[in-house]
Structures are given as structure tokens and as C-alpha cells.
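Visitor: Residue numbers (our numbering): 1 to 352.
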Ligand SMILES: Cc1ncc(COP(=O)(O)O)c(C=O)c1O
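#1: Using DSSP's beta-bridge definition, name the partner residues of residue 175.
#2: So within the region 52–125, which uninterrupted alpha helix (DSSP H) runs reach at least 4 residues, ignoring any that extend past its ends?
#3: Considering just the uninterrupted stretch of the alpha helix (DSSP H) at residue 320, what are its terminal residues?
#4: What is the DSSP secondary structure of residue 153, counted as helix, strand or coil?
#5: Ignoring anything shorter than 4 residues or poking outside the region 236–317, list the alpha helix (DSSP H) runs there in chain order.
#6: Give the C-beta separation of residue 142 and residue 169 to the nearest angstrom, bearing in mind that I take them to be a contact with Cβ-Cβ under 8 Å.
#7: Which value, in whole angstroms, describes the spacing of the CA atoms of residue 205 and residue 326?
#8: Quick one: does the C-beta of residue 59 sit closer than 8 Å to a heavy atom of ligand 1?
#9: Figure out for me which residue from 133, 239, 260 has the closest Cα to the Cα of residue 83.
#10: Could you name the residues of the same chain whose beta carbon sits closer than 7 Å to that of residue 119, not counting the 5 residues immediately before and after it, in chain order?
#11: Report the rounded CA-to-CA distance for residue 235 versus residue 241, giving the unit in angstroms.
#12: Residues in the same chain with beta-carbon distance under 6 Å from residue 381, minus the five sequence neighbours each way, listed in chain order, please.
#13: Using three-state DSSP, classify residue 159 as helix, strand or coil.
#14: Helix, strand or coil: which one does DSSP assign to residue 330?
#15: So, with DSSP's three-state summary, where would you put residue 25?
#16: Taking the alpha-carbon of residue 270 as reference, which of 138, 233, 17, 1 has the nearest alpha-carbon?
#17: How should residue 282 be labelled, buried or exposed, when 16 other C-beta atoms within 10 angstroms of its C-beta is the threshold for buried?
#18: Span of the alpha helix (DSSP H) holding residue 336?
#19: In terms of alpha-carbon separation, which member of 114, 286, 214, 70 lies closest to residue 35?
#20: Can you tell me whether residue 258 sits near ligand 1, meaning its C-beta is under 8 Å from at least one heavy atom of the ligand?
#21: Should residue 63 be listed as close to ligand 1, given that the test is whether its C-beta is under 8 Å from any heavy atom?
#22: If the criterion is Cβ atoms closer than 9 Å, does the pair residue 45 and residue 222 meet it?
#23: Any heavy atom of ligand 1 inside 8 Å of the beta-carbon of residue 154?
#24: Between the alpha carbons of residue 262 and residue 256, how many angstroms are there, rounded?
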């Protein structure tokens, strides 16, 4: 089999790229019926993602639509679900604000320890957004399985080029493909890759009835973005490591979180070929100082999201003030020249 870098680019058939077929309905002769249950460009993207992560893939309309499908499609009222207390805030909020009304209880936990007892499903994040904490996947998943807990790993930040959680025993991998996989901040897509094809079938049935499939345009943009994933991940990881080191030495920075700093011994055992595009740092002083810094960059966009070609940066307190320090700034390193990024960042720190 071709290596992942080549699979990202290569497509069998006459066309080098997947034709953008927007048909919502199909003749009853070719296997497909209606776009909500599956469509050609979506299936191309699913085949590629499935081969990268080593399982059966399904696309969803967004990362959170994928989380919703995994929860509502696989759980039952009364089930408890462990969620990293320092991971993606949207997952925690989804359970607290919405899924709790359907009898699903989110239980925050420290993913650097073990999964709490009595949970039916556990989410892990590799590394977590925005804390960059990293779980010890092998023992954590084995202990979860021993107590009958299904394990879902949100590997949005790592991408399948740096980490393939199914190889470490995870039941399901989840990606906000909106981020690094699509990679250009122009498509909202989620993906789930299941170790067990029967689980994928169950989620496919759920997706068909609830309608949360990604459309052909988003799937096409995902495939387009995936072609350059390997070079983007390598470049942004290299720049992020350099910036993390420089930030750590800056007098106006109190703390830097990046798995490559040190490096984090657990992350270093699991991530192969780079530590990803995401880092967080705390600006010395109060939250107002961090807000001045985020507003002072000219090249780095003061915007949310991560994994895009453009670098983006924001204080996270605006969303998750109940759990992150006011001075915490999250930076997603894009593809600009690292020296331009540093000039922008250090000037913002001086001005802020
Ligand atoms: C780690 C992680 N998981 C899931 C999501 C949700 O993805 P989406 O925005 O595509 O719904 C995000 C979005 O920021 C994320 O960072």
C-alpha cells in the first residue's frame, strides 16, 4: 500500500481529482439513492480518511455534528460520558447544555489520569484544545475497555499523519475536519472513523435519518485540502516548535503549552513526525494585557479556529471564562514564514 503522503494525493481513475457531483438523487441502478445517505465525493473522502486512520469513515456536517451523532447514535438515556475538563469546550457545552436534556450526563475528568468508573463512553483529545494536555492512550484505553467504556479520541489537532488512535485501541476517532484536514478555513466538516464496521453502519443509519451529512462542496474542499496535508502539517509543526521556544524565552510570557516543549514525554511517545500546529501561552499580567496582545498582531488573524493556512490567535477566556485563565492566548500556526510570524508576535507582545 502507498504511504499516507502518497495516498493523500493519488486517486485511481481517469480524473486526477474527484469530480464535484452535486446530485441529490441517483438512478436506482448504481447503489446510491439520495444524497442524505451518501454521495460520490463524500464516499471518496470517506475512503481516504478511512485508509489514513485505519477504519470505516463517515463525514458529518461539522465536528460537533459528529460528536452529536456518536453520542445520540450509540448511547442511551442515563449513560454517563467522560469528557476532558481541559479539552474542546464545545464538546463539554454540548453535553451540559443540550444532550443532558436527553439523559446523557457529561462527567469532566483529567485525561492525563484514568477514565472515571461507571461511564459508558469516554472522550480523549490528542492533544487537547486549548490546554495541550495529552493522555497516555495505551493504558488509558485498556483500563476504559476493562470496565466496558467505549473510547472516542478527538484527534483534530494531531491529524492522522501524526497519530492514529485506532492503532492504540480506540474504538472511534473523531476529527473536526474543518481544521487541519480541510486546512484552508473554507469548509465546515466533521469525520468519524470507527474500528468496528458495525459501529460505522449504526452511525450511518443514524446520519441518514437525522440528516447531518456533509454536502458535496464541503467534501470536495476537504479532499482538495487533504492533498497538501503532509506538507502543511510538517511546516506548521516546525514553525510552532520554533515559536514555542521563542515565546518560552520571552519576558512578557508567563507560560507556554506545546507538546514539543520539553518535550512532553507522553506526547513524544505517541506523536510521530511533529507536535502539530497548536500552542497556547499566558501573557504576563492581567487578562487585559492578553487582550491587547491578541488585538495587536497584523499578520496573525485575531480569530477563532485552528489548523488553517492562515495563523490565527485568540484569548480563550471570551468563550470559556469559567475554566481558562484570562491571560491564556491560543495560537494556531499556519504557513506564513516563521520569521514574519515571530516579528508579528514579538511586536504585539512589546506593544501589548
Ligand atoms: C478539538 C475539536 N473538536 C471538535 C471541534 C468541533 O468542530 P466543528 O467546529 O467542525 O464543529 C473543534 C472545533 O473547534 C475542535 O477544536
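Backbone N, C-alpha and C fix where the C-beta goes; we use that ideal spot for every residue, glycine too.
Small disclaimer: the values here were computed from a predicted structure and weren't measured.
Guide: In short, the structure shows the following:
#1: 191
#2: 63–74, 89–93
#3: 317–320
#4: strand
#5: 265–270, 287–296
#6: 6 Å
#7: 43 Å
#8: no
#9: 133
#10: 80, 81, 82, 107, 149
#11: 10 Å
#12: The structure shown does not extend to residue 381, since the chain is modelled only from 1 through 352, so no value can be given for it.
#13: helix
#14: strand
#15: strand
#16: 138
#17: buried
#18: Taken as a continuous stretch (DSSP letters only), residue 336 belongs to no alpha helix (DSSP H), as it is neither H nor E.
#19: 214
#20: no
#21: yes
#22: yes
#23: yes
#24: 11 Å
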